[in-house]
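Undergrad: The sequence shown maps to residues 1 to 185 in full-length UniProt numbering. Idealized CB from N, CA, C, for every residue including glycine.
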Amino acid sequence: MADDKFPGWHGTTIIGVRKGGEVVVAGDGQVSLGQTVIKGTARKVRRIAPGGHEVVCGFAGSTADAFTLLERLEKKLEATPGQLARASVELAKDWRTDKYLQKLEAMLIVTDGKELLVITGAGDVLEPEHGIAAIGSGGNYALAAARGLIDQDLDAEAIARRAMEIAADICVYTNGNLTVEKITA
Numbered sequence: 001m002a003d004d005k006f007p008g009w010h011g012t013t014i015i016g017v018r019k020g021g022e023v024v025v026a027g028d029g030q031v032s033l034g035q036t037v038i039k040g041t042a043r044k045v046r047r048i049a050p051g052g053h054e055v056v057c058g059f060a061g062s063t064a065d066a067f068t069l070l071e072r073l074e075k076k077l078e079a080t081p082g083q084l085a086r087a088s089v090e091l092a093k094d095w096r097t098d099k100y101l102q103k104l105e106a107m108l109i110v111t112d113g114k115e116l117l118v119i120t121g122a123g124d125v126l127e128p129e130h131g132i133a134a135i136g137s138g139g140n141y142a143l144a145a146a147r148g149l150i151d152q153d154l155d156a157e158a159i160a161r162r163a164m165e166i167a168a169d170i171c172v173y174t175n176g177n178l179t180v181e182k183i184t185a
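Structure representation (structure tokens):
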């Protein structure tokens, strides 16, 4: 976690929702330092396309650390085109065993439209139950909201947007400025 020189940066909520043949990843734009909002328009959901295979990624944690991980994931995907799970496991193994990477403080949600995965620095590659993944400061609020909405007559994007709205109403480290990316299998 943050040391004494760098007080706690907070402020990310990322959710991934799979429903009806599509996956949506949504993230808020807030970055806070202590009790101060530093930025409200950060973009924490991105598309990458290594080898022509499109992947949507959302990240929580240190931005520089997350970009380092996204670059490494791109390289893993180039080495194993179309195999998101394999590339994610290879990244998690490196993250867990490499002394430099071990210091990185971030989490990722990744999807290629078929698979929805959470990658952590503890070496985990998790496929969430119920087709919903959430990370970050407001992740648990968004997850609970989406779980409550998943059986409603709503598509993946509507569920992700409503869950993020609910999280923003509850979590002081989450705002309503969303970046939303949709991908189909």
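Glu115: which of Thr12, Thr13, Glu22, Ile14 sits nearest, CA to CA?
TA: Ranking Thr12, Thr13, Glu22, Ile14 by Cα distance to Glu115 puts Glu22 first.
Undergrad: For Ala42 versus Val24, is the C-beta spacing smaller than 7 Å?
TA: For Ala42 and Val24, no; Cβs fall outside 7 Å.
Undergrad: Considering only the beta carbon of each residue, do Leu91 and Phe59 sit closer than 7 Å?
TA: Contact flag unset, no.
Undergrad: Quick one: what does DSSP say Ser32 is sitting in, helix, strand or coil?
TA: Strand.
Undergrad: Between which two residues does the beta strand (DSSP E) harbouring Leu117 extend?
TA: Element bounds for Leu117: 116-119.
Undergrad: Where do the N-terminal and C-terminal ends of the beta strand (DSSP E) with Leu91 fall, by residue?
TA: Counting along the chain, Leu91 falls outside any beta strand (DSSP E), though it belongs to the alpha helix (DSSP H) covering 84-97.
Undergrad: Just to confirm before moving on: does the CB-CB distance between residue 217 and Val56 stay below 7 Å?
TA: One cannot answer for residue 217 here, as it falls past the ends of the chain, which runs 1 to 185.
Undergrad: My guess is that Val17 and Ala145 are in contact by the Cβ rule of under 8 Å, so how many angstroms apart are they, rounded?
TA: So it is not a contact: roughly 10 Å between Cβ atoms.
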